[in-house]
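Convert by adding 1 to the 1-based position in the sequence shown; the result is the number in my numbering.
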Amino acid sequence: SRELFTLTVVASAVSVAYGSYVLFGVSMALGAFFAGMVVKESDFSHRAEAETLPLREIFSILFFVSVGMLFNPSIMIDQPLQILGVVAIVMIGKTLAAMALVLFFRYPLNTALTVGASLAQ
Numbered sequence: 002s003r004e005l006f007t008l009t010v011v012a013s014a015v016s017v018a019y020g021s022y023v024l025f026g027v028s029m030a031l032g033a034f035f036a037g038m039v040v041k042e043s044d045f046s047h048r049a050e051a052e053t054l055p056l057r058e059i060f061s062i063l064f065f066v067s068v069g070m071l072f073n074p075s076i077m078i079d080q081p082l083q084i085l086g087v088v089a090i091v092m093i094g095k096t097l098a099a100m101a102l103v104l105f106f107r108y109p110l111n112t113a114l115t116v117g118a119s120l121a122q
């Protein structure tokens, strides 16, 4: 059945992730990545991808929620200059890198400025 297949794929991925964590001391994320590679190389890869596609949405939501929970909002008040410095460096660095790459491929300066400004965000 469809549910049993999905349950088997997810259970095997979680088992491999946990087993790699316990046996080899690597992170569970690396173990889950390895489990995904194993499933991708199997004969059931297309069916597994189609059946577990709805789960991808759930796991992406969980990922962003967990990353968001790691953020400490008090750092915005404690270190505002450092945050502004990092944001400025990232925005200026991305802009200059994009402009340099566009100019390297011999596009006009206005194209380089447009690409650099759009990637600055």
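From the three backbone atoms N, C-alpha and C, an ideal C-beta is built for every residue, glycine too.
Per DSSP, reduced to three states, the secondary structure at Gln80 is coil, with no helix or strand assignment. Of the residues assessed, Gly94 falls on the exposed side of the cut-off, its CB having fewer than 16 other CB atoms within 10 angstroms. In this chain, the alpha helix (DSSP H) harbouring Leu110 covers Leu110 to Ser119. Residue burial annotation: Ala99 is buried, with at least 16 other C-beta atoms found within 10 angstroms of its C-beta. Boundaries of the alpha helix (DSSP H) harbouring Ser13: Arg3 to Phe25, taken from the DSSP string.
Pairing Thr115 with Ala33, the inter-Cα distance amounts to about 40 Å. In the three-state reduction of the DSSP assignment, Glu42 falls in the coil class, being assigned neither a helical nor a strand state. In this structure, Ser61 and Ala36 do not form a Cβ contact; the two beta carbons are roughly 17 Å apart against a cut-off of 8 Å. Residue environment: Gly117 is assigned as buried (16 or more neighbouring CB atoms within 10 Å of its CB, all protein chains considered).
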